[in-house]
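Below is one structure; the comments refer to it alone.
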Amino acid sequence: MERKHKVELYIDRINKLRSLRPDISISSDFIVGGFPGETDSDFKETLDLIDTIGFDQSFSFIFSPRPNTPASEMEDTTDYKTKLQRLGSVAI
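If you're matching positions, the sequence shown starts at 0 in numbering that gives the first Met the number 0 and goes up one per residue.
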């Protein structure tokens, strides 16, 4: 994905929120199975971020292309077994 922000900025913002509201609950959604072009290294970085943030809740799912989006035109290079393994490894 071509996000315009950096992980460090995201972590910093979460930490600031927690310093202001220690009781805040942080949740997120994760595409963890097969976003086109995702490498094993990319996936490990996602797992590391999940561990670093310590989310209270998340919804994780396998990528599915949506019509008329840039990702729908990209080649799917991740086999389904790997997608399922990645999905199963995300537990919050």
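We put the CB at the ideal spot given by N, CA and C, even for glycine.
Does DSSP classify residue i as helix, strand or coil?
i, result
"Ser24", "coil"
"Val6", "helix"
"Gly32", "strand"
"Glu72", "helix"
"Arg17", "helix"
"Arg65", "coil"
Taking the continuous alpha helix (DSSP H) assigned at residue i, which residues delimit it?
i, result
"Phe42", "39–52"
"Thr106", "Only positions 0 to 91 of the chain appear in this structure, which leaves residue 106 out of reach."
Report the rounded CA-to-CA distance for residue i versus residue j, giving the unit in angstroms.
i, j, result
"Lys5", "Ala90", "23 Å"
"Leu83", "Tyr9", "27 Å"
"Ser57", "Ser40", "21 Å"
"Asn67", "Arg17", "38 Å"
Just reading off the beta strand (DSSP E) that residue i is part of, what are its end residues?
i, result
"Ser59", "56–61"
Is it buried or exposed, residue i, if we count other Cβ atoms within 10 angstroms and call 16 or more buried?
i, result
"Ile49", "buried"
"Ser88", "exposed"
"Arg12", "exposed"
Sufficient close CB pairs (3 or more, under 8 Å) joining the segment 30–43 to the segment 71–80
Flag = yes, the segment 30–43 and the segment 71–80 touch.
At least 3 beta-carbon pairs within less than 8 Å: the segment 65–75 vs the segment 38–45
no
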